[in-house]
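Scroll down for the structure; my scribbles are underneath it.
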Amino acid sequence: MKIHEYQARDLLRSFNIPVPPGRAIESIEDAAAAFKEATAGGGAAVIKAQVHAGGRGKAGFVKLVNSAEEATAAARFMLTNRMKSPQTPPEGLEVKKLLVATAAEIADRPGGGKEEFYLAITTDRKTRRNILIASREGGVEIEQIAHERPEAIIKEPLHPLLGLQPYQARRVAFDLGFKGKQVNQAANIMLNLARLFQEKDCSLAEINPLIITPPTPQHPDGQVLAIDAKFNFDDNGLFRHPDLAEMADPTEENPAELRAKRFGLSYIALGGTIGCLVNGAGLAMATMDIIKLHGGEPANFLDVGGGASEEAVTEAFSIILSDPKVKGVLVNIFGGIMRCDVIAQGIINAARNYKNPDGSVGFKVPLVVRLEGTNVEAGRQLLNDARKDIPTMQAATDLTDAAKKVTAAVA
Ligand code: GDP
Ligand code: MN
């Protein structure tokens, strides 16, 4: 699960990580008042699109504004244009919320650029540990830097039981070039971020950029602040965090994936033309491999899991068929806990009830069915008896036969 930046900022604050104040708005009319609140102490405000994708700065969806009029114009632009970045689908994302926050001043870096850093905790599959990732070259180019100059990225593994240790955080702070009072501020931010990562069952906790503000008489070394953050939470841990679960924004999720989730199904949208209805992630992978081996491309896979009901199978079909890219469907079920007769009945119900966009009922695209395992005879019998309701159906004898038939059918 992901959350918006304004929610991420609240979370950082609750773990004692300093963040400039701000609030979320949903309408253009609220921009002026929010601007005034954010700039009550003087200075500028920043208006930022709240969508579950990054790359906003480069797309023009992060704007510094100096007056209520500018704030309103920026809000109008962002709420009436779709945001497109390398992290969004090609058609972009609709922006429904904005963050209006006090703009931070960012100190100039001696030798050029601004004092922007990258900081993240995530799981490193290679070392099978959580790691702290940090870079002196934070901001909007971090992906490119990680790609072109991996040596500019610092990686510090976390102890599986003890987590990030203060000495590690201080060493990384020094390596990043923090000076004087900044060192402890930055190290504390790292330690708090690591604690947040652990306590909230994150799969990613990222601050980009972490900045240093220019020196003032009050803070001669400047202040270290987070001005953008991104979190991913492990869905399997959400039952322990009702506060996080409440932050979920269903309007930011793929509608087909949400619909599947409601029926206990896992649905993953892909780019090809063959819809796949399978049970179990392993069988799903094998099914996609064999489709590709025979020259086809999967459009999605929908995993009905171990114990889906007839109703869920019917829903599964309607999700797969609602994707206009789907030119054929492969059902590949190995009945273990899942019974083949339940799947067969689900297929039949779906075929009898599925409404096409033109109003007609029944499957129009070719359907290839391969069933094996528990109650397979009963399942095949059911399908055979219902043949006239599923005219586009072909039975397959095994996985290879199924893949050949479905790729031929969509070719
Ligand atoms: P992202 O592009 O989606 O990651 O959005 P960010 O919030 O990280 O903003 C992108 C860039 O805009 C940052 O790297 C900063 O350079 C700049 N920026 C964002 N917020 C502020 C701010 O409060 N003050 C200043 N001076 N620059 C900001
Ligand atoms: Mn950012």
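When we follow the numbering used here, the leftmost residue of the sequence shown carries the number 1313, and every step to the right adds one.
The beta-carbon is built from N, C-alpha and C at its ideal position, and this holds for glycine as well.
Buried or exposed by the 16-neighbour rule on C-beta atoms within 10 Å, applied to residue i
i, result
"GLY1671", "exposed"
"ASP1710", "exposed"
"GLY1492", "exposed"
"ARG1552", "exposed"
"ASP1547", "exposed"
"HIS1316", "buried"
"ARG1388", "exposed"
"GLY1647", "buried"
"LEU1503", "buried"
"PRO1678", "buried"
"PRO1526", "exposed"
"ARG1437", "exposed"
"SER1339", "exposed"
"LEU1410", "buried"
"LEU1295", "Since the displayed the chain opens at 1313 and closes at 1723, residue 1295 lies outside it and no answer follows."
"ARG1699", "exposed"
Run of the alpha helix (DSSP H) containing residue i, from where it starts to where it stops
i, result
"PRO1554", "1554 to 1557"
"LEU1323", "1317 to 1326"
"PHE1429", "Element bounds for PHE1429: not the alpha helix (DSSP H) but the beta strand (DSSP E), 1428 to 1436."
"ASN1393", "Neither: ASN1393 is in no alpha helix (DSSP H) and is coded neither H nor E."
"PRO1521", "Taken as a continuous stretch (DSSP letters only), PRO1521 belongs to no alpha helix (DSSP H), being part of the beta strand (DSSP E) at 1514 to 1524."
"ILE1465", "It is not in any alpha helix (DSSP H) - ILE1465 instead sits in the beta strand (DSSP E) that spans 1465 to 1469."
"ILE1539", "It is not in any alpha helix (DSSP H) - ILE1539 carries neither H nor E in the DSSP assignment."
"LEU1633", "1622 to 1633"
"PHE1486", "1478 to 1487"
"LEU1508", "1493 to 1511"
"VAL1718", "1711 to 1722"
"ILE1329", "Segment: none, ILE1329 is in no alpha helix (DSSP H) and carries neither H nor E."
Euclidean distance between Cα positions of residue i and residue j
i, j, result
"MET1543", "GLN1497", "The sequence given here has Phe at residue 1543, not Met. Taking the straight line from one Cα to the other gives about 21 angstroms."
"ALA1499", "GLY1592", "43 angstroms"
"VAL1495", "GLN1477", "15 angstroms"
"SER1634", "GLN1693", "28 angstroms"
"ASP1342", "ALA1357", "14 angstroms"
"LEU1473", "PRO1422", "39 angstroms"
"LEU1537", "PRO1610", "45 angstroms"
"ASN1393", "LYS1408", "10 angstroms"
"PRO1669", "ALA1707", "26 angstroms"
"HIS1471", "PRO1332", "31 angstroms"
"VAL1638", "VAL1590", "15 angstroms"
"ILE1603", "GLN1480", "48 angstroms"
"MET1559", "VAL1718", "41 angstroms"
"GLY1619", "ALA1365", "34 angstroms"
"ASN1442", "ALA1506", "9 angstroms"
"LYS1348", "GLY1372", "22 angstroms"
"GLN1535", "ARG1321", "17 angstroms"
"ARG1720", "THR1599", "The question names Arg, but residue 1720 in the sequence shown is Ala. Answer to the nearest angstrom: the Cα atoms are 15 angstroms apart."
"GLU1627", "ARG1664", "13 angstroms"
Supposed close pair residue i, residue j - CB separation, criterion 8 angstroms
i, j, result
"VAL1377", "ALA1383", "5 angstroms"
"PRO1541", "LEU1405", "Before going further, note that residue 1541 is Ala rather than Pro in the sequence given. Not really, about 19 angstroms apart at Cβ, beyond 8 angstroms."
"ALA1656", "LEU1595", "About 17 angstroms; that fails the 8 angstroms criterion."
"LEU1683", "GLY1691", "5 angstroms"
"ILE1466", "VAL1412", "That pair is no contact at about 33 angstroms."
"CYS1652", "THR1704", "Going by Cβ atoms, the distance from CYS1652 to THR1704 rounds to 20 angstroms, so no, they are not a contact pair."
"ILE1523", "ALA1416", "6 angstroms"
"ILE1580", "PHE1613", "5 angstroms"
"ILE1433", "PHE1509", "4 angstroms"
"GLU1460", "VAL1484", "With 8 angstroms as the limit, GLU1460 and VAL1484 do not qualify as a contact, their Cβ atoms being about 22 angstroms apart."
When the options are compared against residue i, the one with the closest alpha-carbon
i, options, result
"PHE1575", "PRO1610, ARG1483, LYS1604 and GLU1623", "GLU1623"
"ASN1520", "GLY1450, ALA1371 and VAL1484", "GLY1450"
"ASP1713", "GLU1689, VAL1681 and ALA1698", "VAL1681"
"MET1597", "ARG1483, LYS1348, ALA1365 and ASP1615", "ASP1615"
"GLY1475", "ARG1483, LEU1444 and GLY1489", "LEU1444"
"PRO1398", "PHE1429, GLU1453 and ILE1359", "GLU1453"
"ALA1727", "MET1395, VAL1722, GLU1381 and PRO1636", "Summary: the structure shown does not reach residue 1727, with the chain confined to residues 1313 through 1723, and so no result is reported for it."
"ASP1701", "ILE1660, LYS1717, LYS1716 and VAL1643", "ILE1660"
"ALA1517", "GLY1619, GLU1463 and LEU1431", "LEU1431"
"ALA1464", "ARG1482, PHE1429 and ARG1441", "PHE1429"
"GLU1689", "VAL1654, VAL1722, ALA1721 and PRO1567", "VAL1654"
"LEU1642", "ASP1601, SER1621, LYS1667 and SER1379", "ASP1601"
"CYS1514", "THR1563, LYS1667, THR1435 and ILE1501", "THR1435"
"ALA1723", "TYR1666, ILE1649, MET1650 and GLY1608", "GLY1608"
"LEU1556", "LYS1512, GLY1425 and ALA1572", "LYS1512"
Enclosing beta strand (DSSP E) for residue i [first to last residue]
i, result
"PRO1567", "Unbroken run through PRO1567 is the alpha helix (DSSP H), 1567 to 1574; no beta strand (DSSP E)."
"ASP1615", "1610 to 1615"
"ALA1415", "Unbroken run through ALA1415: none, as it is neither H nor E."
"ALA1707", "1705 to 1707"
"TYR1579", "1578 to 1581"
"ARG1441", "1441 to 1447"
"GLY1334", "1334 to 1337"
"GLY1587", "1586 to 1590"
"PHE1646", "1640 to 1647"
The ligand FAD heavy atom lying under 7 angstroms from the CB of residue i
i, result
"PRO1521", "This structure simply doesn't include the ligand FAD; it includes the ligand GDP and the ligand MN instead."
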